[in-house]
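Just below is one structure, and these are the notes that go with it.
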Amino acid sequence: MGLATVYLGLGSNLGDRAGNIRDAVKLLGAAGVSPVRLSTIIETDPVGGPPQGLFLNAVLKAETALCPMDVLKAGQAVEAKLGRVRGLKDGPRTIDIDILLYDEIAMDTPQLVIPHPRMRERPFVMGPLREVMGG
């Protein structure tokens, strides 16, 4: 099997937000999710959750030989390495990594839904996604 193209949403609103996104891209690359193109990083208001600081968001286009569940595990490992604590739903976080698209695959499991179910409602995802898709 060749490489799959995967699009990941990246967000951070704690600490060195831009640094967290850059570090996540590097760590994903080391985990087998090879960066192809990172969108412009944009500052956005938080959606849902408690009152919290502004986010920086970006979309990463990457290539991988990993299956979707292994990309999910790699993303969660990177989140943990960068200090993400899963507590409050939609709370502040050092880094959030969401799988938006994985080739033409559609899947719906308790652990992972592709395409990401709320991405079309989120301009902070769709703008950067269009940018890295070349449209």
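Numbering (this note's numbering), first residue to last: 1479 to 1613.
We put the beta carbon where it would ideally sit given N, CA and C, even for glycine.
* Asked: Within this structure, are the beta carbons of Ile1499 and Ala1536 separated by less than 7 Å?
  -> Taking the sequence shown and counting its residues from 1, one reaches residue 1499 at position 21. Taking the sequence shown and counting its residues from 1, one reaches residue 1536 at position 58. Yes.
* What is the DSSP secondary structure of Asn1491, reduced to helix, strand or coil? -> Working through the sequence shown from its first residue, we reach residue 1491 at position 13. It is coil, neither helix nor strand.
* Nearest to Glu1541 by CA position, among Arg1515, Thr1572 and Asp1523, is which residue? -> Walking along the sequence shown from the start, residue 1541 turns up at place 63. It is Arg1515.
* Asked: What is the rounded straight-line gap between the Cα of Cys1545 and the Cα of Phe1602?
  -> Numbered from 1 along the sequence shown, position 67 holds the residue referred to as residue 1545. Numbered from 1 along the sequence shown, position 124 holds the residue referred to as residue 1602. When rounded, the distance between both Cα atoms is 26 Å.
* Please name the residue or residues paired with Glu1521 in a DSSP beta bridge. => In the sequence shown, residue 1521 corresponds to position 43, counting from 1. Its beta-bridge partners are Leu1534.
* Asked: Is DSSP giving Lys1499 helix, strand or coil here?
  -> Position 21 of the sequence shown, counting from 1, holds the residue named residue 1499. In the sequence under discussion, the amino acid at residue 1499 is Ile, which differs from the Lys named in the question. Here Ile1499 sits in helix by DSSP.
* To do: Take every Cβ of the region 1579 to 1599, pair it with every Cβ of the region 1504 to 1512, and state whether three or more of those distances are shorter than 8 Å.
  => no
* Are the beta-carbon atoms belonging to Val1549 and Ile1577 less than 7 Å from one another? -> Within the sequence shown, residue 1549 is the residue found at index 71, counting from 1. Within the sequence shown, residue 1577 is the residue found at index 99, counting from 1. A contact, by the Cβ cut-off of 7 Å.
* Asked: Is it right to say Arg1562 is buried, meaning 16 or more other beta carbons lie within 10 angstroms of its own, or is it exposed?
  -> Counted from its first residue, the sequence shown places residue 1562 at position 84. Buried: at least 16 other Cβ atoms inside 10 Å.
* In three-state terms, what does DSSP make of Asp1586? -> What you label residue 1586 is simply residue 108 of the sequence shown in a count that begins at 1. Residue state, collapsed to three classes: strand.
* To do: Give the DSSP-derived three-state secondary structure of Asp1576 in the structure shown.
  => The residue given as residue 1576 occupies position 98 in the sequence shown. Strand at Asp1576.
* To do: Using DSSP bridges, identify the partner residues of Lys1539.
  => For the purposes of this step, residue 1539 is taken as the residue at position 61 of the sequence shown. BP columns for Lys1539 point to Tyr1485 and Arg1515.
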